[in-house]
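For reference, the structure is listed below as structure tokens.
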Amino acid sequence: MLYYKDYQLGKDKEWVVFVHGAGGSSSIWYRQIRRFRKSFNVLLVDLRGHGRSKDLLESYVKDNYTFNDVTSDLLEVIRHLNIRKAHYIGISMGTIIIRTLGEMAPQHMKSMILCGAITRLNIRSRLLVFLGHSVKRFVPYMWLYRLFAWVIMPNPRDIMSRNLFIGEAKKLYKKEFLRWFRLTNEVNPLLKYFKEKEIAVPTLYIMGDGDYMFLPPVRKIVQEHEHAILQVIEDCGHVCNIEKPALFNKLAIRFIQYGYI
Numbered sequence: 003m004l005y006y007k008d009y010q011l012g013k014d015k016e017w018v019v020f021v022h023g024a025g026g027s028s029s030i031w032y033r034q035i036r037r038f039r040k041s042f043n044v045l046l047v048d049l050r051g052h053g054r055s056k057d058l059l060e061s062y063v064k065d066n067y068t069f070n071d072v073t074s075d076l077l078e079v080i081r082h083l084n085i086r087k088a089h090y091i092g093i094s095m096g097t098i099i100i101r102t103l104g105e106m107a108p109q110h111m112k113s114m115i116l117c118g119a120i121t122r123l124n125i126r127s128r129l130l131v132f133l134g135h136s137v138k139r140f141v142p143y144m145w146l147y148r149l150f151a152w153v154i155m156p157n158p159r160d161i162m163s164r165n166l167f168i169g170e171a172k173k174l175y176k177k178e179f180l181r182w183f184r185l186t187n188e189v190n191p192l193l194k195y196f197k198e199k200e201i202a203v204p205t206l207y208i209m210g211d212g213d214y215m216f217l218p219p220v221r222k223i224v225q226e227h228e229h230a231i232l233q234v235i236e237d238c239g240h241v242c243n244i245e246k247p248a249l250f251n252k253l254a255i256r257f258i259q260y261g262y263i
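According to the numbering used here, the sequence shown holds residues 3 to 263 in order.
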């Protein structure tokens with residue numbers, strides 16, 4: 003089973019499950035834990051190959067992963083803890099895993115809060131992925147990750163977020179990084195399906211106004227989906243929970259408690 007850390011207040015409290023993105027770990031939620039554990043039962047998980055789940059490779063012998071595989075790992079922990087329903091908060095590629103969970107086990111979902119959400123790859127991001135696949139066997143994987151981090155988070159205000167993600171990615175094995183990178187082959191058809199088929203779960207998108215790659219498609223999907231709302235944070239990039247933690251926490255908790263922002 004994956005490494006996880008849980009903080010439980012009691013059986014009468016609601017659960018909040020945090021899901022990090024590719025190259026990160028549960029440590030990226032350090033600015034949320036103290037605030038959320040005051041009001042909720044909290045679950046943090048290190049996804050396969052990441053953080054303290056990095057050395058659990060004997061359980062994952064396949065050369066390639068799918069989003070269903072990664073989501074099944076998360077589902078195993080949820081069921082192990084007997085979490086019947088929870089609010090799910092994800093960042094970047096973690097938002098795709100949460101959305102996949104909504105397809106696999108909607109009975110476990112009470113709401114989704116998707117930060118820096120990936121709902122479509124634009125031309126620039128598709129070119130970046132193509133470039134990565136073309137050179138991944140010939141260049142150090144950290145070069146690729148640094149390039150991706152810089153393209154997604156290019157502004158001076160993104161330095162802290164960018165450095166945190168790069169620091170976490172250094173803990174990955176190269177083979178593990180390549181397995182995760184292959185997941186990009188699934189992204190476009192999966193996101194197209196998610197766009198066309200909304201699940202009836204209250205959904206809050208929290209995006210930075212400077213998240214130039216991913217904010218425009220989120221604006222479109224919110225217009226089309228009945229159960230989704232969008233909150234854009236000013237002077238903020240891709241990783242809102244790190245750049246604007248107080249506001250992020252306030253918006254997320256209000257949505258969990260009242261269903262609006």
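The beta carbon of each residue, even a glycine, is placed where N, CA and C say it ideally should be.
Q: Could you give the DSSP three-state label for G169: helix, strand or coil?
A: helix
Q) Who are the Cβ neighbours of N165 in its own chain at under 6 angstroms, not counting the five residues just before and after it? A) none
Q) Nearest-angstrom Cα distance between R126 and N187? A) 15 angstroms
Q) Can you name, in chain order, every residue of its own chain whose Cβ lies under 6 angstroms from the Cβ of I30, other than the five neighbours on each side? A) H22
Q) Is DSSP giving C117 helix, strand or coil here? A) Residue state, collapsed to three classes: strand.
**Q.** Cβ pair V234, D211 closer than 7 angstroms
**A.** Contact: yes.
Q: Out of P108, M209, K222, point me to the one whose CA is closest to N243's CA.
A: Ranking P108, M209, K222 by Cα distance to N243 puts M209 first.
Q: Would you mind stating whether V47 and L76 have Cβ atoms separated by less than 7 angstroms?
A: yes
Q) Relative to the C-alpha of G53, which residue among E228, I100, G25, I223 is closest? A) G25
Q: Return the chain-ordered ranges of every alpha helix (DSSP H) run that is complete within the region 184 to 220 and spans a minimum of 4 residues.
A: 186 to 198
Q.
With H, G and I counted as helix, E and B as strand and the rest as coil, what does DSSP make of D14?
A. coil
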